[in-house]
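Chains as they are written, first to last, in this note's numbering: chain F, 97 to 459; chain B, 3 to 306. Cβ coordinates follow ideal geometry from the N, Cα and C atoms, glycine included. These numbers were taken from a predicted model, which means no experiment stands behind them. Single-structure report; data block below.
This is the structure we're talking about:
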């Protein structure tokens, strides 16, 4: 890990450290934080700790400017959620907000300095058609490029083809479960829906604390290539710290719930890397309880190596042959986990043909 | 030390290692081995202060040879690629554009209006406008007739005091406006003409030395003037409704929505305090004369 990245992690964990930095140490730090999409989070941590006034003026300008962006995102998300409720007012459905939108609407500590671009919701699969119809009737339009994309989402994915509002440009993802249907793991969405909790002051709901953590873990380690890995891991860190304090018996419930939802492995990785990068306090008994979810050691070692190299940008241009290779392997892994090989081959083949056709049409 | 005080070889050496200079409140650092970019910097940033060492750099831009024949270049901003393997002949205009993006298209505490700004004796004229409306051309002309250049492209408005902060960068002119400004101000220093950029034929004009020397002096806006370059039109300065002016500036600003309430208040205050006009023109001499008259008819002493 480079000096700058060690400094970045240190300052996000302990904002007092940020106040003690020399002005020239800030330059690399600001750049790295921006590259890792952590600048807003860094600023929020510093603000929260009351250290903002002790920073050099030019550094403060950068952090406050980024804080305004995060505020703008959150303002937009609140309005999008308002419009969403308006559009769905006649549909008999319980809406569960996921990820950023839930953090913001529930005012969780993880919302501080969190950038949120899309609104994600979870609804029972049986209501998908009604929800989609209502959204299409209120100005949202499909983003899908063609019929194949549409088919891909509807047949294999855990969500409808993404919708975008024609006037506001805001995107919404309507999920009926939290992992692709074609993947290896199949957390039962009914369990998630049944345990959803009301968000105070609204008629909306969010996942239960354990489920919220498990969804974040599944999103980072089962459904994605860790392209936003550091951001996802700080979310996990802040969620875990908050729930450990606010919810009695949280840790006791977390691991059994993970097993019930088939999410032991993603949780294992989430806890492992959150501890490594963000020093998240995780009780030993939780680690021990997850022993069964551990990958076989060669796989675990490989994952450690890939995560360490892929997550932190290195070098002037943010890439190095090893980091690029690690990212490529994680990208392949994400597809491997997403669908069985025959389906993957068919999907990639389709995409390749489409690219060729598009290119010959351009020419 | 000014960039012009560096011998060409020293400038090239520093650029290879990363040269920092300041444009108004922004510090940029450019790293490149390319001679064409070094010549551009040496000419068009001649009067800017080179920084021996900068604590916090606002934009790290690097331009590097790319492709297996090294005949192409890639341009990076803060380590992220902005242009990948573009032809070498495009290196200078695209570097200039990347510097623009790196400084202006990122989170800012200023309200960034899409406008040119010039100033004379404490009163600034803001020229908002769509591409092609003539804001850069007008700025390039006026700064050779006694006005100070604050910016030809982006007007950073400080919400705290309502003043415009100068960012006097090289003015980029397109197509016929290159010749129009050359005829109007034969003494203006131009960089080379770049014939085939994405925006057509393009050339940069050196900002006047006095404007660069005074780049730490913000200015209080007195006028918001919407230029409308109209071929063959007689010059005409007519009042422009304030509500429309506010809406137009808001829609075209780079970060109006991001600043939320603060952005609205800053802009409303600006429009309240300024006289708003629309200026149709085709000839630069006549346009400059109209604005000189406007300046001469100023009513009261500007605030601090």
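Give the secondary structure of residue i by DSSP, where H, G and I count as helix, E and B as strand, and everything else as coil.
i              : result
residue 241(F) : coil
residue 282(F) : coil
residue 175(F) : helix
residue 145(F) : coil
residue 211(F) : coil
residue 180(B) : helix
residue 331(F) : helix
residue 140(F) : helix
residue 76(B)  : strand
residue 116(B) : strand
residue 254(F) : coil
residue 84(F)  : Residue 84(F) lies beyond the stretch modelled for chain F, which goes from 97 to 459, so this question has no answer here.
residue 274(F) : coil
residue 229(B) : strand
residue 306(B) : Because the pLDDT at residue 306(B) is just 44, under 50, the model does not fix this residue reliably, and the value given afterwards should be weighed accordingly. It is coil, neither helix nor strand.
residue 304(F) : coil
residue 453(F) : helix
residue 108(B) : coil
residue 87(B)  : strand
residue 295(F) : coil
residue 279(B) : strand
residue 59(F)  : Outside the displayed span of chain F (97 to 459) sits residue 59(F), for which this structure offers no information.
Within 7 Å of any Cβ in chain F, is that where the Cβ of residue i sits?
i              : result
residue 111(B) : yes
residue 299(B) : no
residue 26(B)  : no
residue 305(B) : Because residue 305(B) sits at a pLDDT of 48, beneath the cut-off of 50, its placement in the model cannot be relied upon, and the point is left open.
residue 80(B)  : yes
With distances taken Cα to Cα, identify the nearest neighbour of residue i among the options.
i              : options                        : result
residue 126(B) : 284(B), 77(B), 158(B)          : 158(B)
residue 242(B) : 234(B), 267(B), 274(B)         : 274(B)
residue 56(B)  : 241(F), 118(F), 304(F)         : 118(F)
residue 276(B) : 101(B), 284(B), 166(B), 179(B) : 166(B)
residue 263(F) : 288(F), 453(F), 235(F)         : 235(F)
residue 288(F) : 357(F), 268(F), 247(F), 261(F) : 357(F)
residue 281(F) : 366(F), 378(F), 360(F), 352(F) : 360(F)
residue 276(F) : 318(F), 309(F), 258(F)         : 318(F)
residue 160(B) : 196(B), 87(B), 266(B), 100(B)  : 266(B)
residue 10(B)  : 28(B), 38(B), 229(B)           : 38(B)
residue 218(F) : 205(F), 240(F), 194(F)         : 194(F)
residue 171(F) : 397(F), 208(F), 189(F)         : 208(F)
Could you check the C-alpha separation between residue i and residue j for me, to the nearest Å?
i              : j              : result
residue 95(B)  : residue 74(B)  : 14 Å
residue 137(F) : residue 237(F) : 32 Å
residue 15(B)  : residue 155(F) : 29 Å
residue 296(B) : residue 288(B) : 12 Å
residue 214(B) : residue 185(F) : 58 Å
residue 245(B) : residue 251(B) : 10 Å
residue 399(F) : residue 387(F) : 16 Å
residue 382(F) : residue 347(F) : 7 Å
residue 254(B) : residue 116(B) : 6 Å
residue 191(B) : residue 146(B) : 11 Å
residue 404(F) : residue 187(B) : 58 Å
residue 301(F) : residue 121(B) : 55 Å
residue 61(B)  : residue 321(F) : 29 Å
Could you check whether the Cβ of residue i sits closer than 7 Å to any Cβ belonging to chain B?
i              : result
residue 119(F) : yes
residue 164(F) : yes
residue 123(F) : yes
residue 160(F) : yes
residue 168(F) : yes
residue 131(F) : yes
residue 333(F) : no
residue 113(F) : no
residue 154(F) : yes
residue 127(F) : yes
residue 263(F) : no
residue 157(F) : yes
Could you tell me whether any non-hydrogen atom of the ligand ADP is closer than 6 Å to the CB of residue i?
i              : result
residue 137(B) : For the structure depicted, the ligand ADP is absent and the ligand set is empty, with no information on it obtainable.
Query raised in the report: Taking Cβ-Cβ distances below 7 Å as the criterion, which residues of the region 255–272 of chain B are in contact with chain F?
Result: 259, 260, 261, 262
Query raised in the report: Just by C-beta distance, which residues in the region 51–65 of chain B are closer than 9 Å to chain D?
Result: No chain D is part of this structure, whose protein chains are labelled F and B.
Query raised in the report: Got a sec: which bits of the region 371–400 of chain F sit with their beta carbon under 8 Å from any beta carbon on chain B, in order along the chain?
Result: none
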